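For reference, the structure is listed below as structure tokens.
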Amino acid sequence: MKALVASPGADAHLDQADVDEPEPELDHAVVDVKAASINRGEVRALQHAKPGWRPGWDVAGVVVQAPASGAGPREGSRVVGLVWSGAWSERVAVPTHMLAPLPDEVSFEVAATLPVAGITARKAVEMAVVDGKRVAITGAAGGVGRFAVQLAAQNGAHVTAVVGRSERAAGLEALGAAEVVVGTLPFEGEPFALIVDSVGGDSLAAALARVGPEGTVVAVGNSSGAPTTFDVSSFYAKPGARMCAFAVGAELQRSQGATTDLGYLANLVADGHLDVGIDRVVDWSDLGAVRTACTDLLARRVNGKAVLRL
11 MKALVASPGA DAHLDQADVD EPEPELDHAV VDVKAASINR GEVRALQHAK PGWRPGWDVA
71 GVVVQAPASG AGPREGSRVV GLVWSGAWSE RVAVPTHMLA PLPDEVSFEV AATLPVAGIT
131 ARKAVEMAVV DGKRVAITGA AGGVGRFAVQ LAAQNGAHVT AVVGRSERAA GLEALGAAEV
191 VVGTLPFEGE PFALIVDSVG GDSLAAALAR VGPEGTVVAV GNSSGAPTTF DVSSFYAKPG
251 ARMCAFAVGA ELQRSQGATT DLGYLANLVA DGHLDVGIDR VVDWSDLGAV RTACTDLLAR
311 RVNGKAVLRL
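Per the numbering used here, residue 11 is the first one in the sequence shown, and the count goes up by one each step.
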């Protein structure tokens with residue numbers, strides 16, 4: 011079968027190759043991939059990956075081989091799932107605890123945006139009680155950010171969305187942001203009960219300055235690649251404030267799978283309560299378009315999600 015693989019020296023360090031068919035474990039279903047999304051982490055990993063490494067975390071498609079254990083989705087089921095390698099291929103084996111059924115109302119392209127970005131946003135927002143509270147989301151135009159803005163607003167929060175450039179602010183108020191800040195979150199101003207930061211560097215320093223007593227800063231990424239320096243004494247002056255390092259893999263290991271989260275997000279979409287914000291859909295066989303999408307994602311020229319259609 012065909013798959014996209016790491017190819018050092020190629021444009022975007024990516025190429026297409028023939029690979030072996032998946033060999034599923036007892037509790038894995040083989041999914042015929044219909045769509046997969048592109049995440050910043052995958053693209054970054056490609057820059058240093060060994061030849062042949064297979065990117066791809068988010069997957070949506072149809073089960074072509076049910077798990078040998080007898081548990082999980084049956085052959086022919088529409089599903090959305092999460093793997094840690096290999097979703098950018100024609101077929102992939104997915105553990106049953108990382109799969110959820112996909113409502114007929116949700117397209118494969120839309121579903122493919124949900125696993126990494128949607129679960130990260132949901133779990134980050136749920137780290138604090140936000141009803142009636144002030145919440146800030148940095149990197150709000152990205153995949154995680156757009157989901158977090160919506161989920162926080164739907165839970166009753168007053169949401170401040172932070173974006174790096176003015177053109178990336180488009181549409182965020184319609185998603186539930188009460189205000190949009192262009193640039194970096196200011197170091198001074200009203201405190202927040204929750205700040206979800208994906209930028210790192212000065213953005214994370216500002217978040218630690220603006221979080222209130224008993225408030226929470228959730229660091230979900232470091233897209234700036236910059237180190238963070240902050241005033242520790244100022245942070246100590248906020249009793250009960252905390253900073254949490256978020257890694258979606260560790261969170262899913264703790265919760266023993268993604269089925270519940272994926273089902274919840276897919277149903278929100280089906281009911282019209284979640285806009286996944288697809289910026290572009292590219293045919294995975296158009297290698298030039300795929301490479302451009304990867305490059306644009308790293309350069310922050312993608313608002314929301316980029317999706318591969320198989």
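All C-beta atoms in this analysis are idealised placements derived from N, C-alpha and C, irrespective of residue type, glycine included.
None of these values were measured; they are calculated from a predicted model.
Could you check where the alpha helix (DSSP H) with residue i kicks off and where it finishes?
{"i": "Q263", "result": "258–265"}
{"i": "V279", "result": "269–280"}
{"i": "G51", "result": "50–56"}
{"i": "R132", "result": "129–135"}
{"i": "E224", "result": "Careful: E224 lies outside any alpha helix (DSSP H), inside the beta strand (DSSP E) at 221–229."}
{"i": "A120", "result": "A small fix is needed here, since residue 120 is Val in this sequence, not Ala. It spans 118–121 - the alpha helix (DSSP H) in which V120 sits, taken as one unbroken run."}
{"i": "D289", "result": "Unbroken run through D289 is the beta strand (DSSP E), 288–293; no alpha helix (DSSP H)."}
{"i": "D68", "result": "Unbroken run through D68 is the beta strand (DSSP E), 68–75; no alpha helix (DSSP H)."}
{"i": "V173", "result": "It is not in any alpha helix (DSSP H) - V173 instead sits in the beta strand (DSSP E) that spans 168–173."}
{"i": "A158", "result": "153–164"}
{"i": "T302", "result": "297–308"}
Can you find a C-beta in chain D that's less than 9 Å from the C-beta of residue i?
{"i": "Y246", "result": "Given the protein chain composition of this structure (a single chain), no chain D is represented."}
Nearest CA to the CA of residue i: which residue from the options?
{"i": "P125", "options": "V139, H107, A138", "result": "H107"}
{"i": "V74", "options": "W67, G82, I48", "result": "G82"}
{"i": "V242", "options": "A59, G235, A216, N165", "result": "A216"}
{"i": "G181", "options": "T305, D289, W67", "result": "D289"}
{"i": "A110", "options": "G282, T269, A280", "result": "T269"}
{"i": "F245", "options": "N165, Y274, F197", "result": "F197"}
{"i": "A166", "options": "W63, A151, E136", "result": "In the sequence on display, residue 166 carries Gly and not Ala. It is E136."}
{"i": "A187", "options": "G211, A257, G149, G210", "result": "G149"}
{"i": "T130", "options": "P201, R156, A280", "result": "R156"}
{"i": "V191", "options": "P201, R178, A203", "result": "R178"}
{"i": "D37", "options": "A76, G19, A55", "result": "A76"}
{"i": "L92", "options": "L185, V227, N49", "result": "N49"}
{"i": "A260", "options": "K133, G86, R310", "result": "K133"}
{"i": "V69", "options": "R88, V227, A55", "result": "R88"}
{"i": "V317", "options": "C304, M253, L262", "result": "C304"}
{"i": "A27", "options": "G273, L262, R319, E100", "result": "E100"}
{"i": "A146", "options": "L195, R301, S176, Q164", "result": "L195"}
{"i": "A20", "options": "L320, G80, R301", "result": "R301"}
On the CB-based measure, 16 or more other CB atoms within 10 Å of its CB, does residue i come out buried or exposed?
{"i": "D25", "result": "buried"}
{"i": "Q160", "result": "buried"}
{"i": "W94", "result": "exposed"}
{"i": "T239", "result": "exposed"}
{"i": "D271", "result": "buried"}
{"i": "A255", "result": "exposed"}
{"i": "R84", "result": "exposed"}
{"i": "E35", "result": "exposed"}
{"i": "P32", "result": "buried"}
{"i": "D296", "result": "exposed"}
{"i": "A78", "result": "exposed"}
{"i": "A162", "result": "buried"}
{"i": "A59", "result": "buried"}
{"i": "S213", "result": "buried"}
{"i": "A171", "result": "buried"}
{"i": "G225", "result": "buried"}
May I ask which residues mark the beginning and end of the beta strand (DSSP E) holding residue i?
{"i": "F202", "result": "202–207"}
{"i": "G91", "result": "88–92"}
{"i": "A22", "result": "It is not in any beta strand (DSSP E) - A22 carries neither H nor E in the DSSP assignment."}
{"i": "L318", "result": "315–319"}
{"i": "Y14", "result": "The sequence as given places Leu at residue 14; Tyr does not occur at that position. That run of the beta strand (DSSP E) goes 12–16."}
{"i": "L109", "result": "109–111"}
{"i": "A188", "result": "187–192"}
{"i": "V242", "result": "That residue, V242, is in no beta strand (DSSP E); its alpha helix (DSSP H) goes 242–246."}
Taking residue i and residue j to be in contact with their CB atoms under 8 Å, please state how far apart those CB atoms are, rounded to whole angstroms.
{"i": "G71", "j": "D30", "result": "That belief does not hold up - the Cβ atoms of G71 and D30 are roughly 18 Å apart, past 8 Å."}
{"i": "A122", "j": "A45", "result": "4 Å"}
{"i": "P61", "j": "S17", "result": "6 Å"}
{"i": "G193", "j": "R220", "result": "Their Cβ separation, rounded to whole angstroms, is 14 Å, which puts G193 and R220 out of contact at 8 Å."}
{"i": "V15", "j": "W63", "result": "7 Å"}
{"i": "A299", "j": "D293", "result": "7 Å"}
{"i": "V104", "j": "A158", "result": "Contact doesn't hold; Cβ gap of about 25 Å is too wide."}
{"i": "E119", "j": "V291", "result": "5 Å"}
{"i": "G210", "j": "A236", "result": "6 Å"}
{"i": "G174", "j": "R310", "result": "7 Å"}
Output needed for residue i: all residues of its chain with C-beta closer than 7 Å, excluding positions within five of it in sequence on either side, in chain order.
{"i": "Q57", "result": "H23"}
{"i": "K315", "result": "S47, T123, A127, G153, V286, G287, I288, D289"}
{"i": "L223", "result": "The residue you asked about is not Leu; residue 223 is Pro in the sequence shown. Around P223: K248, P249, G250, A251."}
{"i": "L284", "result": "Q160, L275, L278"}
{"i": "S208", "result": "T148, G149, G152, V154, G155, V230, G231, S233"}
{"i": "L218", "result": "V227, F240, F245, M253"}
Less than 6 Å between C-beta atoms, sequence neighbours within five positions excluded: which residues of the same chain meet that for residue i?
{"i": "V312", "result": "D289, D306"}
{"i": "G96", "result": "R64, G66, V102"}
{"i": "A280", "result": "P113, E115, V116"}
{"i": "H168", "result": "R144, A188"}
{"i": "W98", "result": "L14, A46, P65, G66"}
{"i": "L262", "result": "A268"}
{"i": "L320", "result": "V43, K44, W294"}
What does a CB cutoff of less than 8 Å around residue i pick up in its chain, not counting 5 residues either side in sequence?
{"i": "V139", "result": "A203"}
{"i": "D141", "result": "N165, G166, A167"}
{"i": "G273", "result": "A110, P111"}
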